[in-house]
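J.:
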Amino acid sequence: MKALIALALFSQLLSCKAVPHGPFPPLVYRVLDCDDPETEEAAAEAVNYINTHHQKGYKYALNRIEKVRVLPRRPFGEIFVLELDLLETTCHVVNPLPLENCTVRAFTDHAVEGDCDVKLVKVDGIFSVSSARCHSSPDSAEDIVRVCPDCPLLAPLNDTRVAHAVALALAQFNSDGPGPYIKLLEIARAQRQVNADATAQFGFCQATVINQRGVEDLKANCSIYEHQVPALTAMVALFSGY
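What the sequence shown shows, in mature numbering (1 follows the signal peptide of the UniProt record, and there is no 0), is residues -18 to -1, 1 to 224, in sequence order.
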């Protein structure tokens, strides 16, 4: 009798099988263009998320949408994967001014660009960012100098001259009046510029180096002229190379 009960129990166990929790609809992949309104809505949410969670530096504005992918999500919703190209504005992240009112930093002000990969989830028509990764890089200094030789360029934030300038600015602000005492939170940006003396003179030099058996004989002759800004500017504009 015991053997019969065990055999019946064993046969019942063998008859068990996995049953799905519920029916799932087939996966449907959608293709969207970068200028599709739904893509632009996702990009706007991504930029807002980046500026809200960006703790240092300046706010960024959308320059263009590089790529978009839409993936189905179980059990419901969709996943949007965006590649965004962003431009730095002149509004710091602590500035309460809305992004729409912030000015994009000019190229001649040595602007910074941002490249971001953002993943969003869309459920019931609402976007939410699940992850974002960004990398920023300044425009080429050589390109700026080519367009604007006298424009200021970005300086390393750990430069001792930058730290000295910041210390002087804080000291002057705190000593000027009865206003609130401020302390340094961060150095968000620093630029350097050669401020030539208006009374500087120009010179034209000719030099000859004669090498005789490893011994160099140098002869130099220079003529110093008065300051001639218009003449120099015209020369640079007319002759850009040999």
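Here a beta-carbon is modelled for each residue, glycine too, at the ideal position from N, C-alpha and C.
Between the Cα of V94 and the Cα atoms of Q154, A172, P162, which residue gives the shortest distance?
T.: Checked all of Q154, A172, P162; the closest Cα to V94 is A172.
J.: May I ask which residues mark the beginning and end of the alpha helix (DSSP H) holding T142?
T.: Note, T142: alpha helix (DSSP H), 142 to 158.
J.: Between the alpha carbons of R87 and S119, how many angstroms are there, rounded?
T.: Those two C-alpha atoms are separated by around 14 Å.
J.: Per DSSP, T190 is paired with what?
T.: According to DSSP, T190 bridges with K201.
J.: Can you have a look at Y11 and say buried or exposed, based on whether 16 or more other CB atoms are within 10 angstroms of its CB?
T.: It counts as exposed.
J.: Grouping DSSP H, G and I as helix and E and B as strand, with all else coil, what is Y207?
T.: Reduced to three states, the DSSP call for Y207 is strand.
J.: Any idea what DSSP makes of D132, helix, strand or coil?
T.: Coil, per DSSP.
J.: Give the DSSP-derived three-state secondary structure of I32 in the structure shown.
T.: Note: I32 maps to helix in three-state DSSP.
J.: Count the CB pairs spanning the segment 55 to 65 and the segment 98 to 106 that are closer than 8 Å, and state whether there are at least three.
T.: Because the criterion of three Cβ pairs below 8 Å is met, the segment 55 to 65 and the segment 98 to 106 touch.
J.: Return the residue from the list A114, F155, T90, T142 that minimises the CA-CA distance to V127.
T.: When each option's Cα is compared against that of V127, the closest is T90.
J.: Going by DSSP in three states, L81 sits in which element: helix, strand or coil?
T.: If DSSP states are grouped into helix, strand and coil, L81 belongs with the helices.
J.: Starting from F62 and walking both ways along the beta strand (DSSP E), at which residues does that stretch end?
T.: Unbroken beta strand (DSSP E) run through F62: 60 to 74.
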